[in-house]
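Some notes on the structure that comes next.
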Amino acid sequence: MEKGRYNLHSFFGSLANGGLTGISLFSSTGNYPASIFVTFHCMFACITTALITGAFAERMKLTAAWAFAVLWSTAVYCPLAHQVRKFIPPRPVALTNPNPKPDTQVWGGDGAFLHSLGAIDFAGGIVVHVSSGVSGLTVASMIGKRTGYPLIPKAPHSLVLTHVGASLLWVGWFGFNAGSSTAADFIAGQAMLVTQIASAAGVIGWTAVEVSCYGRPSSLGMVSGAIAGLVGVTPASGSIGAMGAICVGVVSGAACFNFCTYVKEAIGTYDDSLDVFGEFILIFVPSYLRTRYWQID
-9 MEKGRYNLHS FFGSLANGGL TGISLFSSTG NYPASIFVTF HCMFACITTA LITGAFAERM
51 KLTAAWAFAV LWSTAVYCPL AHQVRKFIPP RPVALTNPNP KPDTQVWGGD GAFLHSLGAI
111 DFAGGIVVHV SSGVSGLTVA SMIGKRTGYP LIPKAPHSLV LTHVGASLLW VGWFGFNAGS
171 STAADFIAGQ AMLVTQIASA AGVIGWTAVE VSCYGRPSSL GMVSGAIAGL VGVTPASGSI
231 GAMGAICVGV VSGAACFNFC TYVKEAIGTY DDSLDVFGEF ILIFVPSYLR TRYWQID
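In this note's numbering, the protein residues as written are -9 to 287.
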């Protein structure tokens, strides 16, 4: 692909490395082995597909879910991941390879369609979260509502397991955001730090609004707020500082609470089992604020 020249490859890439053709034991991508690059992005593809299933939980057969995972990851995720540009702040020359490949090649690179429009994504905000939120809403709407919803409450059957799962997500998110720096350097450390801060701030943002509305907090709300903070900081984790992370987390937690309760109830036309759409689509708000006001040098 070339800058300023757009064709079918700008949307879907090519099969030049199909079946890992040309990837040998000593192949590299920038400063690290190509095998690590491949495995890392396989993880992104897997978790994105898994996130979508939360929107239609309890309503799809296993065989149908398998078919959906294969088709969606191939037809939607891969082209989208190919098109988006990753943003990594410039590293000090002394800390980098003297002949590095451009950081913007990690997601798409010159010639990729959304890259050409200026789409910037550090760790998967657009590729992972927006795509899973929109796709989850689409599938949930097509399948229809669960029996009895919304007249019969559909609370989690085990808050203990909910907390266990949220804890695994919280820890795993460090790998997504810090790992997206593609190096064990200052940017990775900053990404890990702001991920922790934003998640904690998301708990505060969600809980504050919940207390103001219902008079008391809930452990389920705290978990939801933590995930909202993680989602919000993902595309910004490579370019904001601690105060920016606090703002992103609080805004994400408060916004997701309102969407997952009042807006969802007002719309009333879809049944998103685990609020995938409400939690993941609103990253546009903190991402915009990050791009405009909260970047660090």
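Beta carbons are placed, not taken as given, at the ideal position from N, Cα and C, and that holds for glycine.
Query: Can you grab the Cα-Cα spacing for the pair glycine 8 / cysteine 237, in whole Å?; Result: 42 Å
Query: If contacts are defined as beta-carbon pairs under 8 Å, then leucine 220 and threonine 251 qualify, I think. What distance do you get, rounded to the angstrom?; Result: Incorrect: roughly 19 Å between the Cβ atoms, too far for contact.
Query: Taking the straight line between their C-alpha atoms, what separation do you get for glycine 138 and proline 23?; Result: 52 Å
Query: What span of residues does the alpha helix (DSSP H) with tyrosine 36 cover, start to end?; Result: The sequence given here places cysteine at residue 36; tyrosine does not occur at that position. Residues 24 to 43.
Query: Should valine 253 go down as buried or exposed, given a rule of 16 or more other Cβ atoms within 10 Å for buried?; Result: exposed
Query: Looking only at its own chain, which residues have a Cβ that is under 6 Å from the Cβ of isoleucine 133, when we skip the five neighbours before and after it?; Result: Phe46, Arg49
Query: Am I right that valine 129 and isoleucine 42 are in contact with their C-beta atoms under 8 Å? What's the rounded C-beta distance?; Result: 7 Å
Query: By alpha-carbon positions, which one of Val66, Trp56, Ile217, Leu52 ends up nearest to serine 121?; Result: Val66
Query: How is serine 171 classed by DSSP in three states: helix, strand or coil?; Result: coil
Query: Using a 10 Å radius around the Cβ and a threshold of 16 neighbouring Cβ atoms, would you call glycine 179 buried or exposed?; Result: exposed
Query: Taking the alpha helix (DSSP H) that glycine 123 falls in, what are its first and last residues?; Result: 121 to 133
Query: Alpha carbon to alpha carbon, how far is alanine 71 from lysine 91? Give it in angstroms, no decimals.; Result: With a pLDDT of only 39 at lysine 91, under the threshold of 50, the placement of this residue in the model should not be trusted, and no figure is reported.
Query: Just the C-alpha distance for valine 213 and methionine 182, rounded to the nearest angstrom, thanks.; Result: 19 Å
Query: Exposed or buried, which one is phenylalanine 176 when buried takes at least 16 other CB atoms within 10 Å?; Result: exposed
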